[in-house]
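Novice: Encoded as C-alpha cells, here's the structure I'll be asking about.
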Amino acid sequence: LAAAPSAGSLAAASSASVGSRAFVLVRPPGHHAMPGGIDLAAGGCGFCLLNNAAVAAADALARSPDARVAIVDFDVHYGNGTVTWAFNESSERLLYASTHIREVYENSDLDFFPGGGSAWASTGTPTAELPPGEEPMSKRTRTTICDVPVEPNWVARGARARFVAAVETIAERLATFRPSLLILSAGFDACAGDAGQLNPWTRDDPERPPDVAPFDEVPDGVGLVAEDYRVMTRALLDAVPEATPVVSILEGGYGAPEAAGGFDKTTLVAAAVAHA
Numbered sequence: 003l004a005a006a007p008s009a010g011s012l013a014a015a016s017s018a019s020v021g022s023r024a025f026v027l028v029r030p031p032g033h034h035a036m037p038g039g040i041d042l043a044a045g046g047c048g049f050c051l052l053n054n055a056a057v058a059a060a061d062a063l064a065r066s067p068d069a070r071v072a073i074v075d076f077d078v079h080y081g082n083g084t085v086t087w088a089f090n091e092s093s094e095r096l097l098y099a100s101t102h103i104r105e106v107y108e109n110s111d112l113d114f115f116p117g118g119g120s121a122w123a124s125t126g127t128p129t130a131e132l133p134p135g136e137e138p139m140s141k142r143t144r145t146t147i148c149d150v151p152v153e154p155n156w157v158a159r160g161a162r163a164r165f166v167a168a169v170e171t172i173a174e175r176l177a178t179f180r181p182s183l184l185i186l187s188a189g190f191d192a193c194a195g196d197a198g199q200l201n202p203w204t205r206d207d208p209e210r211p212p213d214v215a216p217f218d219e220v221p222d223g224v225g226l227v228a229e230d231y232r233v234m235t236r237a238l239l240d241a242v243p244e245a246t247p248v249v250s251i252l253e254g255g256y257g258a259p260e261a262a263g264g265f266d267k268t269t270l271v272a273a274a275v276a277h278a
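This note's numbering applies: residue 3 is where the sequence shown begins, and numbers increase by one.
Below is the structure:
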C-alpha cells in the first residue's frame, strides 16, 4: 500500500517488478480527467485533475516497444477521461475495459454521470468504431475498448450480481489480451450505501422516467459488499500471467452519508482491504 500524490501512480507502475502488486492511495482520483488535464467543457471531470492511470499506462508503453498495458476500471462511473486518452493513443498494445452504471431511457438524454460507455465494443475488435453521438470521438482506433455497462437497481433489480458478472466478462477479455502490466482503476463507490452510487431519483421528481424506482424504495444503484471486491479482484488476477505486475490506483469511493453530516467509511475501507 502507498499513500501518494499523483506522481505515486507513475512511480508504482514504472518500478513494478515481475509478479508484484501495488495499491496507490491517491487523491484526487483521475479517470474523468481529460488528456489536457481538467477540461470544464468536457462534460464531466468529477473531482479529477490528472489522469493517474493514463499517465502510468502511457509511460509504460513509451518505455518498452514490447509492453502490453491493460487498464481495468471498476469504478461505478465511466472513465470518460481514460477512454478519451485510449482512443487518442490508438495502440494495439493497449486495452481499456470498464464496468459502470449506465441508464438509457427512451426519448431522453438522461444518464448516470458522466454518461457514455455503452456495450458497443464488448464483443470488440481492435478497430471497433463508436456509433454516432456515443462519445466525443469518431476516429477509428487500434486500441481495444471493452465496455460492459450495468443497469442500476432502480431500473432493474439485481445490479450487484450483474456488476460482478461484468468484471468476470472483462477478465475473459483480459486473458486473451495477456498484458505485461495491469493497471486497475480501483473505484469503491459501487459499495452499498456509498454516496457515489445512490439513487438520484426522488418520488416527487417530475423528470423521473416511468418504471424507475425512487430512492425511498431502492436506495442503492449497485450495493456491492467487501466480498464482491475480493471475488472481482481474484477474477482479474487469475486472468493475467503470473509474472504480470498489477498496480491498483484509487478512483472513487466516498462512504455512506450520515444524517449529522460526514461519511461513514466502514464499508469503503472493508472493500479496499478485500481488494488489496
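Ideal placement from N, C-alpha and C gives every residue a C-beta, glycine not left out.
Find out if the Cβ-Cβ distance for the pair Thr268, Ile172 is shorter than 8 Å.
Specialist: In this structure, Ile172 does not lie closer than 8 Å to Thr268 by Cβ.
Novice: What number of angstroms, rounded off, separates the C-alpha of Arg159 from the C-alpha of Pro211?
Specialist: The straight-line gap from Cα to Cα measures roughly 16 Å.
Novice: To the nearest angstrom, report how far apart Glu170 and Leu238 are at their CA atoms.
Specialist: 7 Å
Novice: Classify Asp230 as buried or exposed, calling it buried when 16 or more other Cβ atoms lie within 10 Å of its own Cβ.
Specialist: buried
Novice: Pull up the distance between the alpha-carbon of Gln199 and that of Asp222, whole angstroms please.
Specialist: 6 Å
Novice: Comparing alpha-carbon positions, which option in Arg236, Pro259 and Glu253 lies nearest Arg23?
Specialist: Arg236
Novice: Which residue from Ala188, Phe165 and Leu183 puts its Cα closest to that of Gly255?
Specialist: Ala188
Novice: Note down, in chain order, each residue of its chain lying with its Cβ closer than 7 Å to the Cβ of Phe165, except the 5 sequence neighbours on either side.
Specialist: Thr101, Val152, Ala192, Val224 and Leu226
Novice: Alpha carbon to alpha carbon, what distance is there between Ser92 and Thr86?
Specialist: 10 Å
Novice: Among the candidates Phe76, Pro247, Trp203 and Gly32, whose CA atom is the shortest distance from the CA of Ala69?
Specialist: Pro247
Novice: If you drop the 5 nearest sequence neighbours on each side, which residues of the same chain put their C-beta closer than 8 Å to that of Ser176?
Specialist: Looking at the sequence shown, residue 176 is not Ser but Leu. Excluding residues within five positions, the ones whose Cβ falls inside 8 Å are Ala72, Val74, Leu97, Ala99, Leu184, Leu238, Ala241 and Val242.
Novice: Please state whether DSSP places Phe265 in a helix, a strand or coil.
Specialist: In the three-state reduction of the DSSP assignment, Phe265 falls in the strand class, which pools E and B.
Novice: What does Ile103 pair with, by DSSP beta-bridge criteria?
Specialist: Val152
Novice: Taking all protein chains shown into account, decide if Asp266 is buried (16 or more other Cβ within 10 angstroms of its Cβ) or exposed.
Specialist: exposed
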